Amino acid sequence: MQLVKVDNYEEMSKKACSIIMEHIQENRNPVIGLATGSTPEKLYSCLIDEYKQGKVSFENVTTFNLDEYVGLKKDDANSYHHYMKEKLFDHVGLGVDQVHLPDGHSEDLEQDCLTYEKQIEEAGGIDIQVLGLGLNGHIGFNEPGTPFSSRTHVVELSPSTRSANARFFSSIEEVPTQAISMGIASIMASKKILLLVSGKQKAEALHRLLNSELTEDFPASILQTHPDVTIIADELALEASL
Ligand code: F6R
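Take any residue in the sequence shown, count from 1 to its spot, add 150: that is its number in the numbering used here.
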């Protein structure tokens with residue numbers, strides 16, 4: 151794992167933005183894996199700025215998101231479909247045929263998981279997967295205890311994840327109890343992984359990632375075994391590790 155230390159959230163976002171831009175500029179059909187949540191918000195606004203300045207085109211880009219809540223319609227303000235449209239897709243000309251998210255409102259969730267895996271495979275696999283880090287070490291929505299061999303699957307969200315995400319909903323009861331997430335093996339199949347970590351609240355999780363042994367109790371620990379992981383972390387997140 152390569153650790154890039156930056157001063158703050160802004161720097162982390164800019165660094166991630168330049169890595170992704172470079173990949174898009176240098177590849178004919180880039181396939182980018184995306185995350186939601188607070189962490190990548192500024193990365194997406196940076197990509198939008200670069201696009202508006204004509205420095206990058208998303209014409210040949212294909213994207214796959216890590217996850218989606220089960221039970222929310224695509225246009226629900228809290229769905230990840232909605233988040234992605236609002237924070238990136240609609241501003242950089244990424245059309246519906248280029249972007250993919252699991253369908254959390256599907257009649258047949260299990261089938262949707264298989265279809266998702268197939269779509270990733272048909273796109274040639276993910277070149278760069280952007281990840282945030284859960285407080286409990288989750289990546290995607292793969293909670294502690296998820297087998298490292300897992301592929302896209304339906305997951306039960308842990309109380310800690312539901313309460314961390316309650317800030318986006320009017321009450322914790324409204325936070326879905328399930329999600330569809332790429333599995334750990336699906337994430338690990340990405341050619342490159344970009345893990346973004348910012349803020350004091352992530353310090354403990356990052357410290358554990360950098361120091362813990364490989365264990366399914368801390369899903370992010372698997373990243374230690376990936377051949378090409380770049381962690382971009384800011385000072386506050388690194389507080390406990392320096
Ligand atoms: C989001 C995702 C999650 C988040 C993680 C951190 O698509 O898969 O693993 O990356 O929960 O969330 P934030 O960035 O909100 O702290």
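All C-beta atoms in this analysis are idealised placements derived from N, C-alpha and C, irrespective of residue type, glycine included.
Just so you know, these numbers come straight off a predicted model, no measurement behind them.
Asked	Found
My output table needs one value for Q203: the three-state DSSP class, helix, strand or coil.	coil
Considering only DSSP beta bridges, list what Y233 is partnered with.	In the DSSP output, where bridge partners are listed per residue, Y233 has none listed.
Based on the DSSP output, what are the partners of D217 in its beta bridges?	S331
Take G295 and list the residues in its own chain whose beta-carbon comes closer than 8 angstroms to its own, dropping the five residues that flank it on each side.	E366 and D367
For H255, does the three-state DSSP call read helix, strand or coil?	coil
According to DSSP, simplified to helix, strand and coil, what is T212?	strand
Counting along the chain, where does the alpha helix (DSSP H) carrying T311 start and finish?	P309 to N315
Would you list the residues sitting across from T422 in a DSSP beta bridge?	Outside the displayed range of the chain (151 to 392) lies residue 422, so it cannot be described from this structure.
Run the CB neighbour count on L281, radius 10 Å, all protein chains shown included, and call it buried at 16 or more, exposed below.	buried
Kindly indicate which three-state DSSP category E306 falls into: helix, strand or coil?	strand
Excluding the five sequence neighbours on either side, which residues of its own chain have a C-beta within less than 7 angstroms of the C-beta of Q248, listed in chain order?	V211, T212 and T213
Under 7 angstroms: does the beta carbon of T189 sit that close to some heavy atom of the ligand F6R?	yes
Taking the CB atoms as reference points, tell me whether A314 and V220 lie closer together than 8 angstroms.	no
Between H288 and the ligand F6R, is the CB less than 7 angstroms from at least one heavy atom?	yes
Report, in whole angstroms, the separation of the C-beta atoms of L222 and M234, which I expect to be a contact under 8 angstroms.	Not a contact, Cβ separation roughly 13 angstroms.
With a Cβ-Cβ cutoff of 8 angstroms, do I270 and S331 count as a contact?	no
Determine contact between the region 166 to 186 and the region 200 to 210, defined as no fewer than three beta-carbon pairs at a distance below 8 angstroms.	yes
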